[in-house]
Amino acid sequence: MSDRAELHQKNLEKIFNPQSVAIIGANQNKGTVPFDILSGILSGDFNGVIYPVSPGRTHISVLKAYKYVVDIEDPVDLGVIVFPSTVTHMALEQCGQKGIKSVVIISAGFREVGGNGIEREKQIVEIAHKYDISFIGPNCLGMINTDPKVRINASFARQMPAAGSIGFLSQSGALCTAVLDYAQAKGIGFSKFVSFGNKADISEVDLMYYLMRDEKTKVVLLYLEEVSDGPALMKAAKDIIELTSKPILIIKSGRTEEGASAAASHTGSLAGRDEICDAAFQQAGIIRCDHIEDMFNIATAFAYEPIPLSNRVAIITNAGGPGVLTTDTAIKEGLQLACFSKETTKVLKKALPNTANINNPVDVIGDATADRYETAMDAVFRDENVDGVFVILTPQSMTDIDTIAHKVVEVTQKYDKPVYTSFMGETDVASGIRILQQNQIPHYSLPESMSKAFAVTHQFGKLLQKAPAQKIEGIAIDQLKAKEIIQQAMEDGKTFLQEYEATELIKAYGLPVTKGILISSEKEAGQVARKVGFPVVMKVQSLDILHKVDVGGVQLNILTEEDAQLAYHSIISSVQERQPEARIQGVFITRQIPKGEEVILGLKRDPSFGPVIMFGLGGIFVEIFRDISFRVAPLAREEAFEMIKQVKAYKILAGARGRHPKDVEAIVDTILKLSQLAVDHPEITELDINPLIVLQEGKGCFAADVKILLREG
Amino acid sequence: MEKSEVKARVVNVIANVLEIEEAIISDEANFVFDLGADSMQSLLLVAGFEEEFEIEMDEDKSLEVQTVGHAVDFIIEYL
Chain A
25 MSDRAELHQK
35 NLEKIFNPQS
45 VAIIGANQNK
55 GTVPFDILSG
65 ILSGDFNGVI
75 YPVSPGRTHI
85 SVLKAYKYVV
95 DIEDPVDLGV
105 IVFPSTVTHM
115 ALEQCGQKGI
125 KSVVIISAGF
135 REVGGNGIER
145 EKQIVEIAHK
155 YDISFIGPNC
165 LGMINTDPKV
175 RINASFARQM
185 PAAGSIGFLS
195 QSGALCTAVL
205 DYAQAKGIGF
215 SKFVSFGNKA
225 DISEVDLMYY
235 LMRDEKTKVV
245 LLYLEEVSDG
255 PALMKAAKDI
265 IELTSKPILI
275 IKSGRTEEGA
285 SAAASHTGSL
295 AGRDEICDAA
305 FQQAGIIRCD
315 HIEDMFNIAT
325 AFAYEPIPLS
335 NRVAIITNAG
345 GPGVLTTDTA
355 IKEGLQLACF
365 SKETTKVLKK
375 ALPNTANINN
385 PVDVIGDATA
395 DRYETAMDAV
405 FRDENVDGVF
415 VILTPQSMTD
425 IDTIAHKVVE
435 VTQKYDKPVY
445 TSFMGETDVA
455 SGIRILQQNQ
465 IPHYSLPESM
475 SKAFAVTHQF
485 GKLLQKAPAQ
495 KIEGIAIDQL
505 KAKEIIQQAM
515 EDGKTFLQEY
525 EATELIKAYG
535 LPVTKGILIS
545 SEKEAGQVAR
555 KVGFPVVMKV
565 QSLDILHKVD
575 VGGVQLNILT
585 EEDAQLAYHS
595 IISSVQERQP
605 EARIQGVFIT
615 RQIPKGEEVI
625 LGLKRDPSFG
635 PVIMFGLGGI
645 FVEIFRDISF
655 RVAPLAREEA
665 FEMIKQVKAY
675 KILAGARGRH
685 PKDVEAIVDT
695 ILKLSQLAVD
705 HPEITELDIN
715 PLIVLQEGKG
725 CFAADVKILL
735 REG
Chain B
7 MEKSEVKARV
17 VNVIANVLEI
27 EEAIISDEAN
37 FVFDLGADSM
47 QSLLLVAGFE
57 EEFEIEMDED
67 KSLEVQTVGH
77 AVDFIIEYL
């Protein structure tokens, strides 16, 4: 952790737990942000001292007002700046003089408006560094801590939310108010609630680490519009999960593609920014949510219920249709319907009417009373074959909804297994749902949401049980040789390497290549081809040609010296005809690789996450089905193996329909070496090994064609 | 018009609009940070200066003026 990051952790303590707060720029004009911030703190019953700083006024409401923050006689823990952006720097400077290290800057008019705003933001960052101040914002809604010992609502949200165990961090202030309103309607409480705006100083990563240490927070939620430091975000997520087992749920907006079509390499065109984001989140154990409802459906499951030990669920319903619907969604989400023990079946048979279904899903029938629900719940909860219970209710004329809701609360308290509920409908079930929500029983308006939430929590439980990925050590590499090749190419002004250079480069990292020699005359062709060993492949080498096949620059399966000479002639003639201006360096002769399964490996640099490795099976699997997987480098061995298994076509490599299994271990090794190359040489912007030919198990794999693009300069 | 006269009249307008003592209005005083002008009062100050000096100022530029001294110089440009 950097010095500044450590400082933020210290200063965040006082941002969230201040004993005194100065509202700098407060006024008494109703309907303005400065007024509402002060009102929020007052009406939230803050357990500390409030100092309005408001030049020109002696009092605001009953509080004494100060002209400057430096005029306050006593120490101040937290400064909340609500002045316009044009004077925010003056207020922050005075905070520094006063010794205030923890600040929230609500004011807008900085980087987000461009022009002078960018300069203003730089200025406040400089002041913060000068005085060792940490600040949230600018351009944010503020922050809330619901801890009864503190109770601070330093935001212009309409009201203080209920206390809870969910920590919510948002880049969008406006979304925060909508989330608070949504959560209030669902009876969801928060531990901490933060809008971090432009994140000019304290970032989402700093706040995540704070929530990691916060005892009141069980679940961390984030809304992000941009990932500014992907590796730091991934590391924070991994640390939080590994050290505290707290789940991290993120909505990352902006799923649109950009720039992919302009990419020069195969990997570049296949790797969309959002797919990389998905892969990076998955790699870090982050749960990516599609929308707010999805996020809170999962968050409440984590916040209120234990993580299921496995995926076997019991369904209890008073209606057949919803039972079947839930079964469908449960199976689709990878859950299993629990097979009840004989004891459970016996109890259910004895207690339920003859018309009831005593198998899973248990149908307690439309006229079910609370007692019938109770008997069924008790029986399935006790069953060792059950890891979690779904309780479904539809409101029929005789259904005593509230009593059943109370019974659900009562029964579930006795067991350490998760229960999710779905009281289907809207008006009639409203009071019953409220009872469930008040007692922190997860409720879902649709049964499929129960299944998804259960599946996600179960997957997270599995992740917690997994040993952390081990770093790879001891890959034999010739880093100096690789560096020389790259430096020489860059000095020559090249933005991509010729295949013979690219082959040398990956060879230096131990990637599997076949023997190859560059020739520059027809005369050499036969002799060199014999030396390399038939059959050979011959490819034109030109800095002006990126796609050799398109200009007739590739000849395969050459078996004799004469054919090699002919192939040389044919390649040169074809290139001269189709791209006369191309400067030809020669023809690269390599041994032809025996037939095997063709896969594609790639590397791309993502602006947010850095080096990203891509894997897929060749041909239509990549081109048509986009059956590809991504991981952010560096990778551990397990991660490399997982990215291979993730593609649907993995079955082909594993030996489907009587085929011989292919050498997957060799692909794993190659991915790890490529990952190391990506980390060591940031000058490589894109790389394709297409195809990598994979032979039978134990026989290895070979790069048949390599393309490497370098950054300019 | 002499600069001292402009300044005296500017200070008078500020004192009236912001309802503060003339004595605390220095050349360096920032309308927002030192004198506590909010956004509405900033607009009223611009209107007050225009009426006092019978001028019409560029609205965007006038709202960029931050200190009393700068306001005096800005108004002189229109006289």
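Residue numbers (the working numbering), protein chains in the order written: chain A, 25 to 737; chain B, 7 to 85.
We put the beta carbon where it would ideally sit given N, CA and C, even for glycine.
Flag D40(B) as yes if its beta-carbon sits less than 8 Å from any beta-carbon of chain A, otherwise no.
The sequence position of residue 40(B) within the second sequence is 34, counting from 1. Yes - at least one Cβ of chain A is within 8 Å of the one on D40(B).
Taking contact to mean 3 or more Cβ pairs, one atom from each stretch, closer than 8 Å, check whether the region 46-55 of chain A and the region 139-159 of chain A are in contact.
no
Run through chain A and tell me which residues come within less than 8 Å of N36(B), C-beta to C-beta.
Start at 1 with the first residue of the second sequence, and residue 36(B) comes out as number 30. The contacting residues are V111 and M114.
Would you list, in chain order, the members of the region 9-39 of chain B that have their beta-carbon closer than 7 Å to a beta-carbon of chain A?
L24, I26, N36, V38 and F39
Helix, strand or coil, according to DSSP, for G309(A) in the structure here?
Position 285 of the first sequence, counted from the first residue, corresponds to residue 309(A). Residue state, collapsed to three classes: coil.
Is the CB-CB distance between V174(A) and I39(A) below 8 Å?
Numbered from 1 along the first sequence, position 150 holds the residue referred to as residue 174(A). Numbered from 1 along the first sequence, position 15 holds the residue referred to as residue 39(A). No, the pair does not count as a contact, with Cβ atoms beyond the cut-off.
Classify R237(A) as helix, strand or coil using the three-state DSSP reduction.
In the first sequence, residue 237(A) corresponds to position 213, counting from 1. Residue state, collapsed to three classes: helix.
Cβ contact check for the region 68-80 of chain A and the region 36-55 of chain B: 3 or more pairs under 8 Å:
yes
Does the structure place the region 692-705 of chain A close enough to the region 630-642 of chain A that three or more beta carbon pairs sit under 8 Å?
yes
Indicate whether at least one CB of chain A lies closer than 8 Å to the CB of L50(B).
Your numbering for residue 50(B) matches position 44 in the second sequence. No, L50(B) lies away from the interface with chain A (no Cβ there is under 8 Å from its Cβ).
Any C-beta of chain B within less than 7 Å: which residues of the region 85-113 of chain A qualify?
F107, P108, T110 and V111
In whole angstroms, what separates the C-alpha of G682(A) from that of P715(A)?
As a working mapping, residue 682(A) is identified with position 658 in the first sequence. As a working mapping, residue 715(A) is identified with position 691 in the first sequence. Annotation: G682(A) to P715(A) spans about 23 Å, alpha carbon to alpha carbon.
Could you work out which residue in A308(A), G64(A) and A327(A) is closest to A660(A) when comparing CA atoms only?
Position 636 of the first sequence, counting from 1, holds the residue named residue 660(A). Ranking the options by Cα distance to A660(A), first place goes to A308(A).
Return yes when the Cβ of L361(A) is within less than 8 Å of the Cβ of N378(A), no when it is not.
Numbered from its first residue, the first sequence carries residue 378(A) at position 354. Numbered from its first residue, the first sequence carries residue 361(A) at position 337. With respect to the 8 Å criterion, N378(A) and L361(A) are not classified as neighbours on the basis of their beta carbons.
Could you tell me whether the Cβ atoms of Q195(A) and Y247(A) are closer together than 8 Å?
As a first step, residue 195(A) must be located in the first sequence, where it is residue number 171. As a first step, residue 247(A) must be located in the first sequence, where it is residue number 223. Their beta carbons are under 8 Å apart, which means Q195(A) touches Y247(A) by this criterion.
Under 8 Å, do M158(A) and K122(A) count as touching if we go by C-beta distance?
Mapped onto the first sequence, residue 158(A) falls at position 134. Mapped onto the first sequence, residue 122(A) falls at position 98. Contrary to the premise, residue 158(A) reads as Ser rather than Met in this sequence. No; because the gap between Cβ atoms is not below 8 Å, this pair is not in contact.
Does any residue of chain C have a CB that is nearer than 8 Å to the CB of D44(B)?
Within the model displayed, chain C is absent; protein chains A and B are what it includes.
Taking the continuous beta strand (DSSP E) assigned at C725(A), which residues delimit it?
As a position in the first sequence, residue 725(A) is number 701, starting the count at 1. C725(A) -> beta strand (DSSP E) spans C725 to A727.
Using a Cβ-Cβ cut-off of less than 7 Å, list which residues of the region 69-85 of chain A approach chain B; keep chain order.
S78, P79, G80 and R81
Taking only three categories from DSSP, how would you classify Q565(A)?
As a first step, residue 565(A) must be located in the first sequence, where it is residue number 541. In this structure, Q565(A) counts as strand in the three-state DSSP scheme.
Report the three-state DSSP secondary structure of N163(A) (helix, strand or coil).
For this step, residue 163(A) is matched to residue 139 along the first sequence. Three-state result, N163(A): coil.
Determine the extent of the alpha helix (DSSP H) in which M46(B) is found, giving its start and end residues.
Residue mapping note: residue 46(B) aligns to position 40 of the second sequence, counting from 1. S45 to F59 is the extent of the alpha helix (DSSP H) around M46(B).
On the DSSP letters alone, give me the boundaries of the beta strand (DSSP E) that E621(A) sits inside.
As a position in the first sequence, residue 621(A) is number 597, starting the count at 1. Here the beta strand (DSSP E) through E621(A) covers E621 to D630.
What does DSSP give as the partner residue(s) for K507(A) in the beta ladder?
Within the first sequence, residue 507(A) is the residue found at index 483, counting from 1. Beta-bridge pairing by DSSP links K507(A) to no other residue.
Please confirm whether N463(A) has its beta-carbon closer than 8 Å to some beta-carbon of chain B.
Counting from 1 along the first sequence, the entry for residue 463(A) is found at position 439. With 8 Å as the cut-off, N463(A) does not count as an interface residue toward chain B.
Closest Cα partner of R336(A) within the set L488(A), C313(A) and V410(A)
For the purposes of this step, residue 336(A) is taken as residue 312 along the first sequence, with counting starting at 1. Checked all of L488(A), C313(A) and V410(A); the closest Cα to R336(A) is V410(A).
DSSP state of G390(A), grouped into three classes?
For this step, residue 390(A) is matched to residue 366 along the first sequence. Coil, per DSSP.
Residues that N53(A) contacts on chain B, provided the C-beta gap is smaller than 7 Å:
Here residue 53(A) refers to the residue found at position 29 when the first sequence is read from its first residue. Contact of N53(A) with chain B by beta-carbon distance below 7 Å involves D44.
With V52(B) and S68(B) assumed to form a contact (beta carbons below 8 Å), what rounded beta-carbon distance in angstroms separates them?
Looking up residue 52(B) in the second sequence gives position 46. Looking up residue 68(B) in the second sequence gives position 62. Sure, about 5 Å apart at Cβ, within 8 Å.
Going along the chain, which residues of its own chain have a beta-carbon closer than 8 Å to the beta-carbon of G283(A), five neighbours each way excluded?
For the purposes of this step, residue 283(A) is taken as the residue at position 259 of the first sequence. For G283(A), the predicted structure reports a pLDDT of 40, less than 50, and the residue's modelled location is therefore unreliable. The matter cannot be settled from this model.
A162(A), buried or exposed, once every other Cβ within 10 Å from all chains shown has been counted against 16
Residue 162(A) sits at position 138 when you count from the first residue of the first sequence. Rather than Ala, the amino acid found at residue 162(A) in this sequence is Pro. Looking at its Cβ environment, which holds 16 or more other Cβ atoms inside 10 Å, P162(A) is buried.
So who's on the other strand from L87(A), going by DSSP bridges?
On the first sequence, position 63 is the one that residue 87(A) refers to. Answer by DSSP bridge pairing, in chain order: I84(A).
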